[in-house]
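Each remark here refers to the structure printed beneath this line.
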Amino acid sequence: MQENCQEKASADWAAARRFFARLGWISFGGPAGQIAILREELVERRRWLTPHEFSAGLNFSMLLPGPEAHQLVIYSGWKLHGLRGAIAAGVLFVLPAVLLVSIAAALYAVYGQLAWVQTLFGTVRPAVLAIIIVALVRMARHHLPDTRAWLVAMAAFVAVFFFQVPFPWIVLAGLGLGAVKHLTSPASGGELPPATTAAIPWRVIALGPLAWWTPVVLAVLIFGWDSLLASLGFFFSKVAVVTFGGAYAVLPYVADHAVNEAGWLSAGAMKDGLALAETLPGPLVKVLAFAGFLAGWNNASPLPPWAMGTLGALITSWVTFVPSFLFILAGAPFIERLAQSARARMVLDTVTAAVIGVIANLTAWFAAGVFASDQPAVLHAVIAGVSLWLLVGRGWSIPAVVGMAAGAGLLRALL
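In our numbering, the protein residues as written are 748 to 1162.
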């Protein structure tokens, strides 16, 4: 109670900019770690947001598709300094991630097929598998409270793993089941909180989609409707509105299209991109920029590979992250109302259960790639087991575990 009554401090514009710029370089640990850093800094240490404001923003971000940590950062910037604060916070948070993962993708494109690099990544992949398993177990423990939720998750896994049902249909099915649960549950009759008196942000609603789609339209006009850059823009724009559950949930959907349908990159490269993304700061969904870079590099026409790769990473990053600004800024005046909606939470809980089933499919997909490689399966099992022990038993951070595996991979390559 004392925490909720704490005095709120004012946030100087320059200090806020410096904080979000620094955050972009230290935000390791995935969404959970990033949200924990935000709460510690904004609520407890600096007191720029009240616990209620932070919780409202987090709950609303969880209702939306897209990276929830990025959306919470945008909301925090909006609460502190309005539109300029939202834009500065959101851009400064993802800019280092996009820059670093694009550089990593360029290095991978040039050196990724070398034998010692393949040995390195072959040793890191089991550690990433352990990270995914831990994330899956934690999500299941927190978001599958009853038999019905477990059945929804299992049904989603069966639909994706055995019948290859596309991810957007899983999300739509989750929304439908959530609506049915709301209509049939006796606990769903609560009223929404009073409507906010804040003005509807018509300017954001009007200009947001224009900003979102301008690079895609330019790609069509310059390179053609069927060009790679236009295809990247269209596909990842669709991904941006179905990414409930973050990168782990959407990765199988992206991999299926990028690897099996479009042939933009190999399955191994997609998994290596996830391994690289785990070691870098910023939202994990930045792995999509890695995929965009390699798509441009591997399909370099009419520009040189480095140019197409850079444009591929840029347009992918743009249509992945810009929608988050639109969603948050358009909904900002209504955040507290929607975040407290029992109906919205009930629907979200069902979608989350379905998403956990999709993440279980990612775990199976990733494990198959790890143990089907030409490297010793026993070694992979040992690395995965040690990584699980370090993550769960010893409390190691994700970058530390990946770094341990990378060190073991370098040692293998040297020997």
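Quick reminder that beta carbons are idealized off the backbone N, C-alpha and C, glycines included.
Check: Distance between beta carbons of L1135 and A877, contact taken as under 8 Å; Outcome: 5 Å
Check: Pair within 8 Å by beta-carbon distance, V1102 and F991; Outcome: yes
Check: Sub-8 Å separation of G1039 and L979 beta-carbons; Outcome: yes
Check: Beta strand (DSSP E) segments (min. 3 residues) lying fully within the segment 1079 to 1138; Outcome: none
Check: Pairwise C-alpha distance: W960 and V997; Outcome: 21 Å
Check: Proximity below 8 Å, CB of T694 to CB of V1149; Outcome: The requested residue 694 is not part of the displayed model; the chain covers only 748 to 1162.
Check: Cβ contact check for the segment 846 to 861 and the segment 1033 to 1052: 3 or more pairs under 8 Å; Outcome: yes
Check: C-alpha gap between L887 and A1100, whole angstroms; Outcome: The sequence shown places Ala at residue 887, rather than the Leu named in the question. Those two C-alpha atoms are separated by around 8 Å.
Check: 6 Å CB neighbourhood of V988 in its chain, flanking five on each side removed; Outcome: P812
Check: Distance CB(W772)-CB(P843) smaller than 8 Å; Outcome: yes
Check: Element boundaries [alpha helix (DSSP H), containing K985]; Outcome: 975 to 987
Check: Local Cβ density within 10 Å of W825, reported as buried at 16 or more and exposed below that; Outcome: buried
Check: Contact check, V907 vs V1117, beta carbons under 8 Å; Outcome: no
Check: Buried or exposed (CB count within 10 angstroms, at least 16 for buried), A1107; Outcome: buried
Check: Best match in L1095, A1115, W1053 for proximity to Y855 [C-alpha to C-alpha]; Outcome: W1053
Check: CB contact flag (S757, L789, <8 Å); Outcome: no
Check: CB of G1078 within 8 Å of CB of F807, strictly; Outcome: yes
Check: CB contact flag (M1151, L1137, <8 Å); Outcome: yes
Check: Beta-carbon proximity of L1031 to G777, cut-off 8 Å; Outcome: yes
Check: Straight-line Cα distance separating T797 from S984; Outcome: 34 Å
Check: Own chain residues within Cβ distance below 7 Å of I1181, not counting five before or after; Outcome: Absent from the structure is residue 1181, since the part of the chain shown begins at 748 and ends at 1162.
Check: Buried versus exposed, by CB contacts within 10 Å (16 or more), G937; Outcome: Annotation note: pLDDT 49 at G937 (below 50); position unreliable, coordinate value reported separately. Classification for G937: exposed.
Check: For A1047, three-class secondary structure by DSSP; Outcome: coil
Check: Assumed close pair L819, L770 - CB separation to whole angstroms, cut-off 8 Å; Outcome: Incorrect: roughly 11 Å between the Cβ atoms, too far for contact.
Check: Rounded separation between V963 and T1067 - CA only; Outcome: 12 Å
Check: Candidates I1130, L810, F801: closest to S1088 by CA position; Outcome: L810
Check: Distance CB(A763)-CB(G859) smaller than 8 Å; Outcome: no
Check: Residues near T1097 in its chain [Cβ-Cβ closer than 7 Å; skip 5 each side]; Outcome: V899, G921, L924, G925, K928
Check: Backbone secondary structure at K1018 - three-state DSSP; Outcome: helix
Check: Where A1009 falls: helix, strand or coil (DSSP); Outcome: coil
Check: Assumed close pair L845, K1018 - CB separation to whole angstroms, cut-off 8 Å; Outcome: According to the sequence displayed, residue 845 carries Val and not Leu. Actually they do not touch by this definition, with Cβ atoms about 20 Å apart.
Check: Where V918 falls: helix, strand or coil (DSSP); Outcome: helix
Check: Opening and closing residue of the alpha helix (DSSP H) in which R872 lies; Outcome: 862 to 890
Check: Coil, strand or helix - Q911 by DSSP; Outcome: coil
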